[in-house]
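For the sequence shown, the numbering used here gives the first residue as 206, with consecutive numbering after it.
Glycine is no exception: its CB is placed at the ideal position from the N, C-alpha and C atoms.
Worksheet for the structure shown next.
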Amino acid sequence: MDEPRCIICGKEKDGLEIKDDNVIKFIRLFNRKVLKKQNHYKLVVCKECYINYKKARNKFVRRQITYIALGVIFAAMIFISSAGNPISLLAGAGIIIFLYLLSLLSYMPELKINDKEKIRVNKENTQQNKHLRKQQGRKK
Ligand SMILES: [Zn+2]
Numbered sequence: 206m207d208e209p210r211c212i213i214c215g216k217e218k219d220g221l222e223i224k225d226d227n228v229i230k231f232i233r234l235f236n237r238k239v240l241k242k243q244n245h246y247k248l249v250v251c252k253e254c255y256i257n258y259k260k261a262r263n264k265f266v267r268r269q270i271t272y273i274a275l276g277v278i279f280a281a282m283i284f285i286s287s288a289g290n291p292i293s294l295l296a297g298a299g300i301i302i303f304l305y306l307l308s309l310l311s312y313m314p315e316l317k318i319n320d321k322e323k324i325r326v327n328k329e330n331t332q333q334n335k336h337l338r339k340q341q342g343r344k345k
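Below you can see the structure in the form of C-alpha cells.
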C-alpha cells in the first residue's frame, strides 16, 4: 500500500483521498520518467487541512473559470477582428489553451469522496468551527 500524504501540509498521515485526474496522472508520470522518483504516495487531504484545502480549491475553480472565459472572449475578439479568417480560430484556441495551462499554476485537485461523505465532513467541520469559536469567545 502507498503511504498517505497530505497535499496541503505535506505530512504523512491519513485523510480524504483526492481524485486521480489527468493532471495528477501527468505529474506522477513526470515524476517517474523525468525525475526518476520511485516513492509513491496516496495523495490525501488530512482533517486539519480540510478547511484550507476547501478555500484553495474554490479559489482555483474560480480562477480557472475566469481564465477560460477570458480566453473565449479573446478568441472571439480575434475572430471578429480578422473578419472571420479561419486561421484566427487556431490563434484563439492557442490563447484558450495557454490561459488554461496558466490557471493550472494554482492547481488544487478534486476529492474522491461522494457527496454524502462530503456533507458528513462539512458537518464535522462546522461543529469543529463552532467549538473553536466558543473557545475564542471565552478567551475574550
Ligand atoms: Zn494536512
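State yes or no: is the C-beta of residue i nearer than 7 Å to some heavy atom of ligand 1?
i: residue 213; result: yes
i: residue 238; result: no
i: residue 253; result: yes
i: residue 216; result: yes
Which first and last residues belong to the alpha helix (DSSP H) in which residue i is found?
i: residue 291; result: 291-308
For residue i, does the count of other Cβ atoms within 10 angstroms reach 16, so buried, or fall short, so exposed?
i: residue 280; result: buried
i: residue 311; result: exposed
i: residue 316; result: buried
i: residue 210; result: buried
i: residue 282; result: exposed
Rounded C-beta distance between residue i and residue j? I'm assuming under 8 Å.
i: residue 246; j: residue 207; result: 6 Å
i: residue 255; j: residue 304; result: Wrong, their Cβ atoms sit about 29 Å apart, outside the cutoff.
i: residue 313; j: residue 261; result: 5 Å
i: residue 223; j: residue 257; result: 14 Å between Cβ atoms; not a contact.
Following the continuous beta strand (DSSP E) through residue i, name the residue where it begins and the one where it ends.
i: residue 247; result: 246-250
i: residue 208; result: 208-211
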